[in-house]
Amino acid sequence: MKVFIHAFGCQMNKLDAELALSHLARAGYARCDSPEEADLVLYNTCSVREHAEERVYSNVGKLKFLKRRRPDVVIGILGCMAQKDQGRIFERLPHVDLVCGTREFPRIVELVEQARRRRGVLACGEAGAVREERDVRHRAHPFQDFITIMRGCDNYCAYCIVPYVRGREVSRPMEEIVDEARRLTDDGVREITLLGQNVNSYGLSFGRPGALVELLERVAAAPGLARLRFVTSHPKDMTRDILQAMRDLPAVCEHLHMPPQSGSDRVLKAMNRRYTAAQYRDLAALARDIVPGLALAGDFIVGFPGETEAEFEETAALVRELRFQNAFVFKYSPRPGTAAARLPDDVPEAEKRRRNQVLLGIQSRVNLEENARAIGREVEVLVEGPSPRDPRRLIGRARTNQIVVFEGAPALAGRLVRVRIESSTALTLAGRLMPDAGATLT
Ligand code: 5AD
Ligand code: SF4
């Protein structure tokens, strides 16, 4: 039997697709690259914005011809959109056989078998922790990987559907995570990113708030691990000792994804973010003070209900001032059931688009300037392999996450090397491999 699986949305969704695949592989399924070849077609879905859902509906909509030709193909919708829309998915996509929510996919094999016997299987239970039985053979990248350390979110930011579709915040036991990290490094992984909707509150659900620091220490000790990252940090839960761990643990990269969402106090309050723009600025300054060379990344929402031009300008000022390394900008999308969905979505689409473009324009200038400042510097690069655009060159990432391209032997893949930067664009750094240092860094 062959399975085609595709994940929309965030990194956790991609990892969940891999988990589902591990279970299916044990039951004898082999992965294939297109729905045409498959006996089982699965989409792990995202509900964070309406656009993400439309893409799923359009992709899965097209499968109705496949289902007509081969009625024995099982088509399943997994994840956030399944949890949110449940049985309504069968109405809109009558050729779907299985709808499986965010906490049920470890039962995927049994559910698929049920769906082969009778169509219309719905499994969207809310209770129970997800068993994370991962089979490292299905990993997507040889040297770099992710570990889910917590699931769900209790923050209820007014715009966000996550607490409703992924449920209450639950942290995984530390032993389990450390063990997974070791299995990954045994398999050649050099860089691990710890994932959670709000990693700064790791441990809270088992009565040990602040356990992230210990977790970082223990994962950083995995043999052969060169780099460790963690995402996403909520500004209200950031503590000095997490920043100090970032400074003191050599593997932990100087890269912090800590979304401000807005630069306006009125909007932040309406978003239920529980910090002010001034507090965010102070926190960014503290972080940069404690962690030299820190790169900050953040998410922004434009066009939140009632966002005035002046309030948007406050966000633009924040983006201009804080010189993020990366800014992800999203147009507000009302999500049914959230607090903000009760407010009028009153910023016109064209205006949201304009605000989006303004922020991206500011950020792109910042990137151009900051990357130009890197010229002449030496940066540590974890080599990924030949560049897909130009196979004569290698591609990798700096500790602060910029893409770096340079000439070198493909055998350097998976190694840490030093590259002297010679040119740059807003998106990449290009340079020359430093010959001797490569060996010393392994
Ligand atoms: N509309 C637009 N953007 C959203 N995000 C979350 N919910 C919404 C929404 N309803 C953004 C936030 C979050 C990122 C993952 O997606 O910026 O940090
Ligand atoms: Fe959504 Fe806020 Fe939780 Fe992030 S912290 S997942 S934005 S509710």
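Numbered as in this note's numbering, the sequence shown ends at 552 without a single skipped number. For every residue, glycine included, the Cβ atom is placed at its ideal position computed from N, Cα and C. Note that the structure is a prediction, hence the values are computed from the model and not measured.
Distance cut-off 7 angstroms: residue i Cβ against heavy atoms of the ligand 5AD
i    : result
R445 : yes
R159 : yes
I115 : no
C156 : no
C142 : no
P369 : yes
Y266 : no
Y390 : no
D195 : no
F434 : no
F118 : no
D409 : yes
Y442 : yes
Enclosing alpha helix (DSSP H) for residue i [first to last residue]
i    : result
H133 : 121-136
V288 : 284-296
D358 : 350-358
V515 : Here V515 belongs to no alpha helix (DSSP H); instead the beta strand (DSSP E) covers 513-517.
A380 : 375-380
V240 : Taken as a continuous stretch (DSSP letters only), V240 belongs to no alpha helix (DSSP H), as it is neither H nor E.
V275 : 272-275
Run of the beta strand (DSSP E) containing residue i, from where it starts to where it stops
i    : result
V153 : Before going on, a small fix: residue 153 reads as Tyr here, not Val. 150-155 is the extent of the beta strand (DSSP E) around Y153.
H304 : In the sequence on display, residue 304 carries Leu and not His. That run of the beta strand (DSSP E) goes 301-305.
I400 : No beta strand (DSSP E) holds I400; the alpha helix (DSSP H) holding it covers 387-400.
E324 : Careful: E324 lies outside any beta strand (DSSP E), inside the alpha helix (DSSP H) at 322-330.
V113 : 112-117
L526 : 526-534
G506 : 503-508
I411 : 405-412
T258 : 254-258
T342 : Looking at the DSSP string, T342 is not in any beta strand (DSSP E), and its letter there is neither H nor E.
G541 : 538-543
L366 : 365-367
Proximity test, residue i beta-carbon vs the ligand GTP heavy atom, cut-off 7 angstroms
i    : result
H344 : The model on display carries the ligand 5AD and the ligand SF4 but not the ligand GTP.
For residue j and residue i, believed in contact at Cβ under 8 angstroms, the rounded distance
i    : j    : result
Y269 : T448 : 6 angstroms
V209 : L173 : At roughly 14 angstroms, the Cβ-Cβ gap does not stay under 8 angstroms, so V209 and L173 are not in contact.
V362 : M368 : The Cβ separation is near 14 angstroms, so there is no contact.
I257 : I218 : So it is not a contact: roughly 20 angstroms between Cβ atoms.
L325 : I352 : At roughly 10 angstroms, the Cβ-Cβ gap does not stay under 8 angstroms, so L325 and I352 are not in contact.
A426 : L469 : 6 angstroms
F434 : A407 : 6 angstroms
C156 : C120 : 7 angstroms
N154 : A117 : 4 angstroms
K462 : V401 : Not quite, the Cβ-Cβ distance comes to about 34 angstroms (not below 8 angstroms), so this is no contact.
A135 : H248 : 7 angstroms
I199 : I185 : I199 to I185, Cβ: 10 angstroms. No contact.
A126 : F253 : In the sequence as presented, Ala is not what sits at residue 126; that position holds Asp. About 21 angstroms; that fails the 8 angstroms criterion.
Residue i CB to nearest heavy atom of the ligand SF4 below 7 angstroms
i    : result
Q70  : In the structure as shown, the chain begins at 111 and stops at 552. Residue 70 is therefore absent and cannot be evaluated.
C270 : yes
Y312 : no
P273 : yes
C190 : no
F234 : Note that residue 234 is Cys in the sequence shown here, rather than Phe. No, the ligand SF4 has no heavy atom inside 7 angstroms of this Cβ.
C-beta neighbour in chain B for residue i, strict 8 angstroms
i    : result
G413 : Of the protein chains in the structure, only one exists, and it is not chain B.
To test your reading of the DSSP string, which unbroken alpha helix (DSSP H) runs of 4 or more residues are found completely within the region 168-237? The qualifying runs are 174-179, 190-195, 198-202, 218-227.
At which residue ranges does the region 423-498 contain complete beta strand (DSSP E) runs of 3 or more residues, listed in the order of the chain? Entirely contained in the region 423-498, the beta strand (DSSP E) runs reaching 3 residues are, in chain order, 436-441, 488-496.
Assess contact between the region 129-141 and the region 315-326, defined as three or more Cβ pairs (one per stretch) separated by less than 8 angstroms. Is contact present? At 8 angstroms Cβ cutoff, the stretches do not touch.
Between the region 301-310 and the region 323-342, are three or more C-beta pairs nearer than 8 angstroms? Three or more Cβ pairs drawn from the region 301-310 and the region 323-342 lie within less than 8 angstroms of each other, which places the two stretches in contact.
How do the region 470-481 and the region 360-374 stand: do at least 3 beta-carbon pairs fall below 8 angstroms, yes or no? They do not touch, by the three-pair rule.
Touching by the beta-carbon criterion (3+ pairs, under 8 angstroms), the region 455-473 and the region 287-295: The region 455-473 is not in contact with the region 287-295.
Counting beta carbon pairs with one atom in the region 494-504 and one in the region 520-533, are three or more of them shorter than 8 angstroms? Cβ pair count under 8 angstroms is three or more, so yes.
Three or more C-beta pairs closer than 8 angstroms, one from the region 530-544 and one from the region 480-489: is that the case here? Touching, per the Cβ criterion.
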